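Colleague: Numbered according to this note's numbering, the first sequence spans residues 17 to 531. No residue lacks a Cβ here, since even glycine has one placed at the ideal position from N, Cα and C. Owing to the predicted nature of the structure, the values given are computational and were not obtained by experimental measurement.
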Amino acid sequence: MSQPESSLMSRLVSLSKRRGFIFQASEIYGGLNGFWDFGPLGCQLKNNLRDQWWHDMVECPPLGPDGKPLSIVGLDSSIIQHPRTWEASGHAAGFADLMVDCRESKHRYRADHILCLEVFYEKAGVKKPLGVLSALEGDEFDTTIIKKAKKLMQKAGGGEILPIEASLAVPFTTLSKEQQGLVIGLDAENVGTLTEPRAFNLMFHTYVGVFQDEDSKVYLRPETAQGIFLQYKNIMDSSRVKPPFGVAQVGKSFRNEVTPRNFIFRAREFEQMEMEFFCPPEDGMMWYEFWVAERLRWWESVGCRKENLFGHVIPENEVAHYSKGTTDIEYRWPFTAPNFGELEGVAYRTDYDLKQHAAFSKTNLDYIDQEAKRRYVPHVVEPASGLTRGVLLLLAEGYQYDESRASPEWLKIKPSLAPIKLGIFPLVNKDGMPEVAEKLYLDLRQTYTCQFDAKQSIGKRYARMDEAGTPFCITVDGETLKDQAVTIRDRDTASQERVALDKVRAYVAAKLASA
RNA sequence: GCGGGUGUAGCUUAGUGGUAAAGCACCAGCCUUCCAAGCUGGCUAUGAGGGUUCGAUUCCCUUCACCCGCUCCA
Numbered sequence: 017m018s019q020p021e022s023s024l025m026s027r028l029v030s031l032s033k034r035r036g037f038i039f040q041a042s043e044i045y046g047g048l049n050g051f052w053d054f055g056p057l058g059c060q061l062k063n064n065l066r067d068q069w070w071h072d073m074v075e076c077p078p079l080g081p082d083g084k085p086l087s088i089v090g091l092d093s094s095i096i097q098h099p100r101t102w103e104a105s106g107h108a109a110g111f112a113d114l115m116v117d118c119r120e121s122k123h124r125y126r127a128d129h130i131l132c133l134e135v136f137y138e139k140a141g142v143k144k145p146l147g148v149l150s151a152l153e154g155d156e157f158d159t160t161i162i163k164k165a166k167k168l169m170q171k172a173g174g175g176e177i178l179p180i181e182a183s184l185a186v187p188f189t190t191l192s193k194e195q196q197g198l199v200i201g202l203d204a205e206n207v208g209t210l211t212e213p214r215a216f217n218l219m220f221h222t223y224v225g226v227f228q229d230e231d232s233k234v235y236l237r238p239e240t241a242q243g244i245f246l247q248y249k250n251i252m253d254s255s256r257v258k259p260p261f262g263v264a265q266v267g268k269s270f271r272n273e274v275t276p277r278n279f280i281f282r283a284r285e286f287e288q289m290e291m292e293f294f295c296p297p298e299d300g301m302m303w304y305e306f307w308v309a310e311r312l313r314w315w316e317s318v319g320c321r322k323e324n325l326f327g328h329v330i331p332e333n334e335v336a337h338y339s340k341g342t343t344d345i346e347y348r349w350p351f352t353a354p355n356f357g358e359l360e361g362v363a364y365r366t367d368y369d370l371k372q373h374a375a376f377s378k379t380n381l382d383y384i385d386q387e388a389k390r391r392y393v394p395h396v397v398e399p400a401s402g403l404t405r406g407v408l409l410l411l412a413e414g415y416q417y418d419e420s421r422a423s424p425e426w427l428k429i430k431p432s433l434a435p436i437k438l439g440i441f442p443l444v445n446k447d448g449m450p451e452v453a454e455k456l457y458l459d460l461r462q463t464y465t466c467q468f469d470a471k472q473s474i475g476k477r478y479a480r481m482d483e484a485g486t487p488f489c490i491t492v493d494g495e496t497l498k499d500q501a502v503t504i505r506d507r508d509t510a511s512q513e514r515v516a517l518d519k520v521r522a523y524v525a526a527k528l529a530s531a
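What follows is the structure in structure tokens.
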């Protein structure tokens, strides 16, 4: 099958805009880096994926290893929480690397990556300091320093640069304020152009109340999970759940990403679907393995091909210090292919979060098991996926190109997730056909998202629905008035079936349930 | 953040220092009995700001956004 020249991603961006899935945020003002809006079809698709997750996670959770349904309840916590939350979670520190700006070159560096070294030279037998040079740590350190020293030497009017000793180089962060002021920046020619190391916070912040001082500073959550930990005790006290049980949440999160990229893949405002599964400490590994398998199965169930999914076990030395195991569920994105990129992370977080919040809040978060007569802080397994990444997956996975079709580009989205389930058309906009079609539309729209369309040729209407990923189109034709039947056209095969008007509901219901 | 690329209508493209062109899409009407048919008409664009110039979409500068590669990625 021939493919257009342009990349799959650019075609997805184009189709998304053309059909109203995803628009650039604030487009008429030139856009805003890292922000996207979901159009009529996009938000419908996103809601459908979210609802499916919620159904499969909260309303009808999977069966556990013992064959009994798991116990998982929902939560919708605030985007803004007490600022101490993010100190306890580690985000305030982890999201705030010290950065240094250069006033001359306008560049920004991570302060601990800058190595500084004082270089000396000799002139007329006298050893003199040339200056404190800096370069990024790495293999090139020596050559970079020497290159800069030579340049400086020329300006100084000549002399013999003494051999440098790279091992004596120290990170910028370890220098005193005075010493920092003497450093020549990485891309600068003058002394003291580097700013003091500053916290470069990746969390968005704002202020609660009208007085904007440090005491009122709060953060927009960078993940939904912490809200769950904060309410873990209230949920147990009010919902008659006990370990093992889960708490699920869907919502917006915000991160000041250094580099937003790849359409909605890495955006600064995005949506997450997270579930924290609380269990006795000794069962942690078992539930971790359970959820890795379960989440892979789920992504397949929403229409992702198995070969495009990959459970990437994070090596022990790269796993966060509090985690006893993390598996990234990765998808073969158009921009990572043939490699994979993160879609969801399943992490065994041990009792780290609850213990942190217990310590920071001075609240006892032990679970008291009255049967076994013991108390413990539950361990947690967290499947955390990106809802907006999931939408991108459905678009990428569903994108089809077939020049033999009326619309070469079309979306093969699982019918139950499709933004529009049914297109309803009169074959010709006269002879009583529109009236019958409209009656059918008014009936079916109560159950399914439907689009009624009587404009232009029937082929165009089918093509439009193909691009929107609508799985079925129902057409009322000249025969309908006589035989009380309509044709139902299948998106994937373009084949048609004659179905009696009074059987349409059953037909559609069966198709949507089986597909 | 660095380097490279791109920015003209909803989409895909053309073009020019002097009235911005086309195809498709979209809308209206006619027509049309199953896969983007036809006819007529219509809407819509030089990302933003500044400079050079009598005149800039074109040349220059700045900026913004997107794409690619690095960097970063709790």
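Taking Cβ to Cβ, would you say Y304 is nearer than 8 Å to V393?
Modeller: Within the first sequence, numbered from 1, the residue matching residue 304 stands at position 288. Within the first sequence, numbered from 1, the residue matching residue 393 stands at position 377. Against a cut-off of 8 Å, the Cβ pair of V393 and Y304 comes out as no contact.
Colleague: So for V393, helix, strand or coil by DSSP?
Modeller: On the first sequence, position 377 is the one that residue 393 refers to. V393 falls in the coil class under three-state DSSP.
Colleague: Given G36, which residues of its chain have a CB within under 8 Å of its CB, disregarding the five upstream and five downstream residues?
Modeller: Stepping through the first sequence from its first residue, residue 36 is reached at position 20. Excluding its 5 nearest sequence neighbours in each direction, G36 has C-beta neighbours in its own chain below 8 Å: G55, P56, L57 and G58, listed in chain order.
Colleague: Out of curiosity, what's the CA-to-CA distance linking L403 and W52?
Modeller: Stepping through the first sequence from its first residue, residue 403 is reached at position 387. Stepping through the first sequence from its first residue, residue 52 is reached at position 36. Between L403 and W52, the C-alpha separation is close to 14 Å.
Colleague: Hey, T101 and L191 are a contact pair by Cβ (cut 8 Å); roughly how many whole angstroms apart?
Modeller: Position 85 of the first sequence, counted from the start, is the residue given in the question as residue 101. Position 175 of the first sequence, counted from the start, is the residue given in the question as residue 191. Cβ atoms of T101 and L191 stay farther apart than 8 Å, at about 33 Å.
Colleague: So, at 8 Å on beta carbons, what are the nonlocal neighbours of N355 in its own chain, with the 5 sequence-adjacent residues on each side left out?
Modeller: Numbered from its first residue, the first sequence carries residue 355 at position 339. Cβ within range, chain order: R348.
Colleague: Which runs of the alpha helix (DSSP H) spanning at least 4 residues fall entirely within the region 367-429, listed in chain order?
Modeller: The region 367-429 contains these whole alpha helix (DSSP H) runs: 368-377 and 403-414.
Colleague: With three or more C-beta pairs closer than 8 Å as the rule, is the region 434-451 touching the region 417-426?
Modeller: no
Colleague: Between A453 and I440, what straight-line distance do the alpha-carbon atoms span, to the nearest angstrom?
Modeller: Here residue 453 refers to the residue found at position 437 of the first sequence. Here residue 440 refers to the residue found at position 424 of the first sequence. Each residue's alpha carbon lies about 6 Å from the other.
Colleague: Please check the pair K149 and K164, which I expect to be a contact at CB under 8 Å, by giving their CB distance rounded to whole angstroms.
Modeller: Indexing the first sequence from 1 puts residue 149 at position 133. Indexing the first sequence from 1 puts residue 164 at position 148. Strictly speaking, residue 149 in this sequence is Leu, with Lys absent from that position. That belief holds up - the Cβ atoms of L149 and K164 are roughly 5 Å apart, short of 8 Å.
Colleague: May I ask you to report which of helix, strand or coil DSSP gives M17?
Modeller: Counting from 1 along the first sequence, the entry for residue 17 is found at position 1. Legend: pLDDT at M17 = 40, less than 50; position of this residue unreliable, no value from coordinates given.
Colleague: Spatial neighbours of L65 within its chain, please: C-beta separation below 8 Å, excluding the five flanking residues on both sides.
Modeller: As a position in the first sequence, residue 65 is number 49, starting the count at 1. The residues are V318, L403, G406, V407, L410 and L433.
Colleague: Does the Cβ of R237 have 16 or more other Cβ atoms within 10 Å, making it buried, or fewer, making it exposed?
Modeller: Your numbering for residue 237 matches position 221 in the first sequence. Result: buried.
Colleague: Which value, in whole angstroms, describes the spacing of the CA atoms of M17 and P424?
Modeller: Working through the first sequence from its first residue, we reach residue 17 at position 1. Working through the first sequence from its first residue, we reach residue 424 at position 408. Model confidence at M17 stands at a pLDDT of 40, short of 50, so the residue's coordinates are unreliable; what they give is reported in the following sentence. Between M17 and P424, the C-alpha separation is close to 11 Å.
Colleague: Can you check which of these residues, E134, Q467, V135 and M115, is closest to D128 by C-alpha distance?
Modeller: Walking along the first sequence from the start, residue 128 turns up at place 112. Of the listed residues, the one whose Cα sits closest to D128 is M115.
Colleague: Name, in chain order, the residues that DSSP records as bridge partners for E134.
Modeller: Residue mapping note: residue 134 aligns to position 118 of the first sequence, counting from 1. Its beta-bridge partners are V148.
Colleague: So, are the CB atoms of T503 and D493 less than 8 Å apart?
Modeller: What you label residue 503 is simply residue 487 of the first sequence in a count that begins at 1. What you label residue 493 is simply residue 477 of the first sequence in a count that begins at 1. Cβ atoms of T503 and D493: closer than 8 Å.
Colleague: Taking the straight line between their C-alpha atoms, what separation do you get for K428 and P260?
Modeller: Working through the first sequence from its first residue, we reach residue 428 at position 412. Working through the first sequence from its first residue, we reach residue 260 at position 244. Cα to Cα, the separation comes out at about 38 Å.
Colleague: Let me check understanding here. Comparing Cα to Cα, which of D203, G208 and S183 lies closest to E194?
Modeller: Walking along the first sequence from the start, residue 194 turns up at place 178. Closest in alpha carbon position to E194, among D203, G208 and S183, is G208.
Colleague: Using DSSP's beta-bridge definition, name the partner residues of A264.
Modeller: Sequence index remark: in the first sequence, residue 264 carries index 248 (1-based). Note: A264 sits in a beta bridge opposite G90 and M291.
Colleague: For a test of the three-state rule: what should DSSP assign to W52, helix, strand or coil?
Modeller: The count along the first sequence starts at 1 and reaches residue 52 at position 36. For W52, the secondary structure class from DSSP, reduced to helix, strand or coil, is strand.
Colleague: Using only the alpha-carbon positions, how far apart do V274 and A104 sit?
Modeller: Residue numbering aside, residue 274 sits at position 258 when the first sequence is read from its first letter. Residue numbering aside, residue 104 sits at position 88 when the first sequence is read from its first letter. In this structure, the straight-line span from the alpha carbon of V274 to that of A104 is close to 23 Å.
Colleague: If E398 and M291 are in contact, beta carbons under 8 Å, what's the gap, nearest whole angstrom?
Modeller: Taking the first sequence and counting its residues from 1, one reaches residue 398 at position 382. Taking the first sequence and counting its residues from 1, one reaches residue 291 at position 275. So it is a contact: roughly 7 Å between Cβ atoms.
Colleague: Grouping DSSP H, G and I as helix and E and B as strand, with all else coil, what is M169?
Modeller: Position 153 of the first sequence, counting from 1, holds the residue named residue 169. Helix, per DSSP.
Colleague: Could you check what DSSP says for I38 in three-state terms: helix, strand or coil?
Modeller: One-based indexing of the first sequence puts residue 38 at position 22. DSSP places I38 in strand when its eight states are reduced to three.
Colleague: Note down, one range per segment and in chain order, each alpha helix (DSSP H) of at least 4 residues found wholly within the region 230-277.
Modeller: 241-255
Colleague: Helix or strand or just coil, what does DSSP make of I490?
Modeller: Stepping through the first sequence from its first residue, residue 490 is reached at position 474. Reduced to three states, the DSSP call for I490 is strand.
Colleague: Considering Cα atoms alone, identify which of M219, F281, Q265 and G83 is closest to V29.
Modeller: The sequence position of residue 29 within the first sequence is 13, counting from 1. The alpha carbon of V29 has as its nearest neighbour, out of M219, F281, Q265 and G83, the alpha carbon of F281.
Colleague: Does D469 pass the burial test, meaning 16 or more other C-beta atoms within 10 Å, or should it be called exposed?
Modeller: Numbered from its first residue, the first sequence carries residue 469 at position 453. With 16 or more neighbouring CB atoms inside 10 Å of its own CB, D469 falls in the buried class.
Colleague: Quick one: what does DSSP say M25 is sitting in, helix, strand or coil?
Modeller: Taking the first residue of the first sequence as 1, we reach residue 25 at position 9. The answer is helix: DSSP assigns M25 an H, G or I state.
Colleague: Assuming V452 is part of the alpha helix (DSSP H), what are its boundary residues?
Modeller: Within the first sequence, residue 452 is the residue found at index 436, counting from 1. Secondary structure note for V452: its alpha helix (DSSP H) is the uninterrupted segment M449 to L460.
Colleague: Comparing C-alpha positions only, which one of E323, Y368 and E310 sits nearest to T343?
Modeller: As a working mapping, residue 343 is identified with position 327 in the first sequence. Comparing Cα-Cα distances from T343 to each of E323, Y368 and E310, the minimum goes to E310.
Colleague: Alpha carbon to alpha carbon, what distance is there between R391 and F537?
Modeller: This structure cannot speak to residue 537, because the chain is shown only from 17 to 531.
Colleague: Quick one: what's got a C-beta closer than 8 Å to N272's C-beta in the same chain, skipping five residues either side?
Modeller: Residue mapping note: residue 272 aligns to position 256 of the first sequence, counting from 1. Counting only Cβ-Cβ distances below 8 Å, and skipping sequence neighbours, we find N217, L218, M219, F220 and R284.
Colleague: Starting from A501, trace the beta strand (DSSP E) both ways and give me its first and last residue.
Modeller: Here residue 501 corresponds to residue number 485 of the first sequence, with the count starting at 1. Segment A501 to D506, the beta strand (DSSP E) holding A501.
Colleague: Restricting to Cα atoms, I'd like to know which of V396, Y137 and P431 is closest to K258.
Modeller: One-based indexing of the first sequence puts residue 258 at position 242. Here the closest residue by C-alpha is V396.
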